[in-house]
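Chains as they are written, first to last, in our numbering: chain R, -10 to 215; chain Z, -10 to 215. Even glycine gets a Cβ: it sits at the ideal position worked out from N, Cα and C. These notes are about the structure you will find just below.
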DNA sequence: ATACTAATTCAACAGTTGTTGAAATTCAAA
DNA sequence: TTTGAATTTCAACAACTGTTGAATTAGTAT
């Protein structure tokens, strides 16, 4: 249940089983209790392994954290880039619509969160926490995700030829905030709405986010409106 | 510089000066290093007071955290509610526009962050961190801010009479994410844009957020489009 | 000056933290 | 079976954690 497709997928990432169990435990605990809120002992206890093994497989607690972050980052970049390329190949001559680009940016994440929830939920929560905290571990994520984001913004610029760079970046900022809070799955919306909405209803957000955000982009990044 | 208007404003909140210094130090350190990332000793060292004084003025570390959260919450609710009431009084007969409501929801915060940056920046960062973490201290913020949010959603429902509750709540979710990331002031956008945008440029976001978000609300919460 | 409370200091507690070194075990190649 | 490396266990370290009680000072009303 925790390692869904052992033989077929990800030939490189299949490291030592103990190492993977440590990463799993660390991922979950870092996500729900923050980095300093969890001790190496708690992590190793959840991983059912001796404390020292953490320092055999990783250089330090901080290194363990970095490896947790990096483990899934490459795959994430890959599928999102694939989605963007697919959209672009569907439009050999004209530019894709804003909706299509936003969808390529968000859909892979949300679908992962829907179809493989158990495997990805804690990683996404962790990314969300990092992403909205100024000090911490941000450089790591920035280094890994910013190139991808730049490619998307480039695509959006083509779809919105009258846009200013400033408008484009601020619009992306809003999109980023919306996506971040979504993948955090805080459950805050569940309470607020009195059960009408559910944070883990990915279909609900998949069909709404691109439309909402695309409308915002058009409002801000078109010549006519200002 | 740290206590800007001592004699005129907030007659109730003027507690013991030491207590205030502890709250200031705790606010800043909690915001940039997380709750468990900071020790009581570090806080009291920054506040230039003995460790034990933390337990004279507060029941526990957790209580200190709660008081940091609550200190500014009432004032925040007040000015946002005032802004909403002002908009509603400006429309005795018809409903306010979506822009106006969104603006009443966001503008007080952003203006505070612009005009009294030194006093409010860490509190907002802290709120942002809390808001996008599932487990932690969320109930406290939820209890304090949800009534206000419900009032705003009620106003939005009137401005968008064809909307579904579900669409309305999901739209608010997107707005909430955007606002949360903004007040976090992570500086991520500065790097990404290569200096074109600045996380602390409140004018930039003040003039963009309501327009962007209102367009999204209209796209999602109007009958014609779906 | 006296009495009394509010505020602050000092010293210490039991438990936990990240991390390390040496010894013991597992396991495949010779 | 012997060799040698990869993996796991056990015990311990100095430093730091949240928290408390008793002693001390500051400040105010009598």
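Suppose the cutoff is 6 Å on Cβ atoms and the five residues either side in sequence are ignored; what does the same chain contact list for residue i look like?
i	result
residue 191 (chain R)	99, 102, 103
residue 178 (chain Z)	186, 188
residue 152 (chain Z)	210
residue -10 (chain Z)	Low local confidence applies: a pLDDT of 29 at residue -10 (chain Z) is under 50, so the model's placement there is unreliable, with the coordinate-based value given in what follows. Cβ neighbours of residue -10 (chain Z) beyond the five flanking positions: none.
residue 15 (chain Z)	32, 53, 57
residue 105 (chain R)	none
Whose C-alpha, out of the options, is nearest the C-alpha of residue i?
i	options	result
residue 187 (chain R)	R:176, R:197, R:195, R:62	R:176
residue 197 (chain R)	R:173, R:160, R:146, R:96	R:96
residue 173 (chain R)	Z:135, Z:136, Z:123, Z:168	Z:123
residue 76 (chain Z)	Z:144, Z:200, Z:4, Z:7	Z:144
residue 5 (chain R)	R:92, R:45, R:28	R:45
residue 210 (chain R)	Z:210, Z:211, Z:200, Z:212	Z:200
residue 36 (chain Z)	Z:58, Z:108, Z:8	Z:8
residue 157 (chain R)	R:203, R:132, R:184, R:89	R:203
residue 159 (chain R)	Z:30, Z:167, Z:66, Z:136	Z:167
residue 90 (chain R)	R:31, R:182, R:73, R:83	R:73
residue 183 (chain Z)	R:149, R:136, R:182	R:136
residue 134 (chain R)	R:70, R:80, R:82, R:54	R:70
residue 116 (chain R)	R:105, R:87, R:129	R:129
residue 68 (chain Z)	Z:55, Z:93, Z:165, Z:81	Z:93
residue 65 (chain Z)	Z:138, Z:27, Z:18	Z:138
residue 146 (chain R)	R:106, R:79, R:212, R:169	R:212
residue 55 (chain Z)	Z:106, Z:132, Z:140, Z:155	Z:132
residue 165 (chain Z)	Z:142, Z:181, Z:154	Z:142
Tell me whether residue i is buried or exposed, calling it buried when 16 or more other Cβ atoms sit within 10 Å of its Cβ.
i	result
residue 208 (chain R)	buried
residue 10 (chain Z)	buried
residue 13 (chain Z)	buried
residue 40 (chain R)	exposed
residue 61 (chain Z)	buried
residue 53 (chain Z)	buried
residue 59 (chain R)	exposed
Closer than 7 Å, CB to CB, is residue i near chain Z or not?
i	result
residue 52 (chain R)	no
residue 204 (chain R)	yes
residue 154 (chain R)	yes
residue 186 (chain R)	yes
residue 60 (chain R)	no
residue 181 (chain R)	yes
residue 162 (chain R)	yes
residue 232 (chain R)	The question about residue 232 (chain R) has no answer here: the residues shown for chain R are numbered -10 through 215.
residue -3 (chain R)	The predicted model places residue -3 (chain R) with a pLDDT of 26, which falls under 50 and marks its position as unreliable; any figure quoted below should be read in that light. Cβ-Cβ to chain Z under 7 Å: no for residue -3 (chain R).
residue 169 (chain R)	yes
residue 166 (chain R)	yes
residue 122 (chain R)	yes
residue 201 (chain R)	yes
residue 178 (chain R)	yes
residue 126 (chain R)	no
In chain order, what residues of the same chain have a beta carbon less than 8 Å from the beta carbon of residue i, not counting five sequence neighbours either side?
i	result
residue 21 (chain Z)	111, 114
residue 127 (chain Z)	119, 120
residue -6 (chain R)	Low per-residue confidence applies at residue -6 (chain R): pLDDT is 29, beneath 50, and the placement is therefore not dependable enough to give any value.
residue 109 (chain Z)	61, 101, 102
residue 38 (chain R)	7, 10, 11
residue 125 (chain Z)	24, 119
Let me see if you follow: with CB-CB separation under 7 Å, is residue i close to chain R or not?
i	result
residue 71 (chain Z)	no
residue 111 (chain Z)	no
residue 100 (chain Z)	no
residue 197 (chain Z)	yes
residue 18 (chain Z)	no
residue 118 (chain Z)	yes
residue 86 (chain Z)	no
residue 0 (chain Z)	Annotation note: pLDDT 36 at residue 0 (chain Z) (below 50); position unreliable, no value reported.
residue 158 (chain Z)	yes
residue 4 (chain Z)	no
residue 23 (chain Z)	yes
residue 189 (chain Z)	no
Could you name the residues of the same chain whose beta carbon sits closer than 7 Å to that of residue i, not counting the 5 residues immediately before and after it, in chain order?
i	result
residue 163 (chain R)	205
residue 194 (chain R)	99, 171
residue 29 (chain R)	40, 43, 50
residue 148 (chain Z)	84, 85, 86, 87, 90
residue 18 (chain Z)	27, 31, 32, 35
residue 47 (chain R)	53, 56
May I ask whether a heavy atom of the ligand ZN can be found less than 6 Å away from the beta carbon of residue i?
i	result
residue 191 (chain R)	Questions concerning the ligand ZN fall outside what the structure shown contains, since it holds no ligand whatsoever.
**OP:** Give, in chain order, every unbroken run of the alpha helix (DSSP H) that is at least 4 residues long and sits entirely within the segment 21 to 99 of chain Z.
**Re:** If we require 4 residues or more, the alpha helix (DSSP H) runs fully inside the segment 21 to 99 of chain Z come out as 29 to 35, 40 to 46, 50 to 60, 62 to 78.
**OP:** Please list the segments of the alpha helix (DSSP H) lying wholly inside the segment 102 to 150 of chain R, counting only runs of 4 or more residues, in order along the chain.
**Re:** Segments of the alpha helix (DSSP H) lying fully in the segment 102 to 150 of chain R: 106 to 120, 127 to 148.
Original post:
Which parts of the segment 151 to 194 of chain Z are runs of the alpha helix (DSSP H), unbroken and 4 residues or longer, counting only runs that do not cross its ends?
Top reply: As far as the segment 151 to 194 of chain Z is concerned, its whole alpha helix (DSSP H) runs of at least 4 residues are 154 to 173, 177 to 181.
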